[in-house]
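**Student:** Here you go, one structure.
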Amino acid sequence: MPTAAATSRGRAPSGDAATVGIIVNPHAGKDIRRLVSAAGQTSDAVKISIMRRVAAGAIEQGADRVLMSTDTHHLAERAVEGLDGPIEFLESPQTGSHHDTVAAARSLWKQNTRAVIALGGDGTCRDVATGWPDAPLIAISTGTNNVFPTSVDGTTAGVAAALVAAGSVKSSDVTSRAKRVSLQIDDPQRDTLVHEEALVEAALIDATFVGARAVSDPASIRWVVACIASPSSTGLAGIAGRVHPLRRDDPGGVLIRLGPGSRRVRVPLSPGSFSTLDIASVEPLRDGDTVVLTGRGVLAYDGERNTPVSAGATISVSVSRTGPHMIDVDEVLRLAALDRRFDVCAADHPSRKDTHGD
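Per numbering that gives the first Met the number 0: the sequence shown = residues 0 to 357.
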């Protein structure tokens, strides 16, 4: 398999090459929630089609390198079969887990990638940010919980990424820093001090093991800290969204404690399935403020259970604008159009080849 150290197609890259990275999570949109709710499934065929359009868009707009993550399903290789361009495949640990996404993001960071397109849900975007905290990112939703990523056409995303990577549009004009929920977990019983991050929300679940990771029992949720809280969201972020809405550009976050109180809300914790939740308190959090929480259970990040904690653990939680640099695709293309980046010179037109991404 070709690796990122050697170009598999096209000319050899220079140190200032316009490099676009593409990361896909083959497991996004396929978890256990499809067995217990009306959640849809994002098939391999759909992801392959999106990746092909992304790569075609980046190549069309003149990317010098298109670096693609590889996985146990070989989605990247299948996506670009027969597509001509400077495409390379990243080496992968091939664990079949989130570690592959983290490793791919870290590899793109080391190779001076200037724009990254990630296909997945909230958990996938969190893994990308774990591997590369400052990633210049376009997040395309193909997961179960899609609060952080958005629906973007693959072709358009590829074109926008190439424009940013080449410097045709200044990154500072079209990016904004995402928020992040940061946790410091001090657990004397487990003799650990752990730092974790989430891009949408963190929550404490009354459970004794990680299990299938998805959170499905409404009675088990003890508290939620969210930095994005939309009333239209499904999942843990939807709890905050229906009592204290927060847009992704709003400052700060919110702490929701669940339990007996004066307020009850209906929330879709999974697609097509609604639960009634008791809200004990709602506490807005300013950027940089730290709240110290306790409790036995399992901490969930962006909808997935991850870290068991004992009753004696202290969990320091804060919200800050230290997440990935999110690329505004619409603004990239608007500025490029105003600068006539899509105009074709008459002399170039006869030799121009059509590229097909579908």
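Where a beta carbon is used, it is the ideal one built from N, C-alpha and C, also for glycine.
These figures come from a predicted structure and were not determined experimentally.
Mapping the DSSP letters down to three states, classify residue 307 as helix, strand or coil.
**Tutor:** Position 308 of the sequence shown, counting from 1, holds the residue named residue 307. In this structure, residue 307 counts as strand in the three-state DSSP scheme.
**Student:** Does residue 26 come out as helix, strand or coil in the three-state DSSP assignment?
**Tutor:** On the sequence shown, residue 26 is found 27 positions in, with the first residue counted as 1. Coil, per DSSP.
**Student:** Nearest-angstrom Cα distance between residue 278 and residue 48?
**Tutor:** The sequence position of residue 278 within the sequence shown is 279, counting from 1. The sequence position of residue 48 within the sequence shown is 49, counting from 1. If I take the Cα positions, the gap works out to 42 Å.
**Student:** My assumption, with CB atoms under 8 Å, is that residue 189 sits in contact with residue 294. Please give the rounded CB distance.
**Tutor:** In the sequence shown, the residue the question calls residue 189 occupies position 190. In the sequence shown, the residue the question calls residue 294 occupies position 295. Not confirmed; about 14 Å, so no contact.
**Student:** Once you ignore the five residues that flank residue 103 on each side, which residues in its own chain have a CB closer than 6 Å to its CB?
**Tutor:** In the sequence shown, the residue the question calls residue 103 occupies position 104. The residues are 22, 68 and 89.
**Student:** Three-state secondary structure (DSSP) at residue 339?
**Tutor:** For the purposes of this step, residue 339 is taken as the residue at position 340 of the sequence shown. Coil, per DSSP.
**Student:** Out of curiosity, what's the CA-to-CA distance linking residue 187 and residue 208?
**Tutor:** In the sequence shown, the residue the question calls residue 187 occupies position 188. In the sequence shown, the residue the question calls residue 208 occupies position 209. In a straight line, the C-alpha of residue 187 is about 18 Å away from that of residue 208.
**Student:** Applying the criterion that 16 or more other CB atoms from any shown protein chain within 10 Å of the CB defines a buried residue, is residue 323 buried or exposed?
**Tutor:** Taking the first residue of the sequence shown as 1, we reach residue 323 at position 324. Buried, by the Cβ-count rule.
**Student:** Can you give me the C-alpha to C-alpha distance between residue 199 and residue 248, rounded to a whole angstrom?
**Tutor:** Position 200 of the sequence shown holds residue 199. Position 249 of the sequence shown holds residue 248. Rounded to whole angstroms, residue 199 to residue 248 spans 12 Å at the Cα level.
**Student:** Here's a check: name, in chain order, each residue in its chain whose Cβ is nearer than 6 Å to the Cβ of residue 307, leaving out the five neighbours to either side.
**Tutor:** Within the sequence shown, the letter at position 308 stands for residue 307. Closer than 6 Å at Cβ, skipping near neighbours: 297.
**Student:** Please report how far the alpha carbon of residue 281 lies from the alpha carbon of residue 250, in whole angstroms.
**Tutor:** Counting from one through the sequence shown, the residue named residue 281 turns up at place 282. Counting from one through the sequence shown, the residue named residue 250 turns up at place 251. If you take the alpha carbons of residue 281 and residue 250, they lie about 16 Å apart.
**Student:** Given this structure, state the Cα-to-Cα distance separating residue 20 from residue 79, to the nearest angstrom.
**Tutor:** Taking the sequence shown and counting its residues from 1, the one referred to as residue 20 is at position 21. Taking the sequence shown and counting its residues from 1, the one referred to as residue 79 is at position 80. The C-alpha of residue 20 lies about 14 Å from the C-alpha of residue 79.
**Student:** Applying the criterion that 16 or more other CB atoms from any shown protein chain within 10 Å of the CB defines a buried residue, is residue 241 buried or exposed?
**Tutor:** Mapped onto the sequence shown, residue 241 falls at position 242. Residue 241 should be labelled buried.
**Student:** Would you kindly report the start and end of the unbroken alpha helix (DSSP H) that includes residue 158?
**Tutor:** Mapped onto the sequence shown, residue 158 falls at position 159. Note, residue 158: alpha helix (DSSP H), 153 to 164.
**Student:** Quick one: any contact between the segment 85 to 100 and the segment 124 to 139, if contact means 3 or more CB pairs under 8 Å?
**Tutor:** yes
**Student:** Using DSSP's beta-bridge definition, name the partner residues of residue 252.
**Tutor:** The sequence position of residue 252 within the sequence shown is 253, counting from 1. The partner list for residue 252 (beta bridge, DSSP) reads 284.
**Student:** How would you call residue 148, buried or exposed, if buried means at least 16 neighbouring beta carbons within 10 angstroms?
**Tutor:** Locating residue 148 in the sequence shown gives position 149, where the first residue counts as 1. So residue 148 ends up on the buried side.
**Student:** Taking the C-alpha atoms as reference points, what is the distance between residue 215 and residue 65?
**Tutor:** Mapped onto the sequence shown, residue 215 falls at position 216. Mapped onto the sequence shown, residue 65 falls at position 66. Take the alpha-carbon of residue 215 and the one of residue 65: they are about 38 Å apart.
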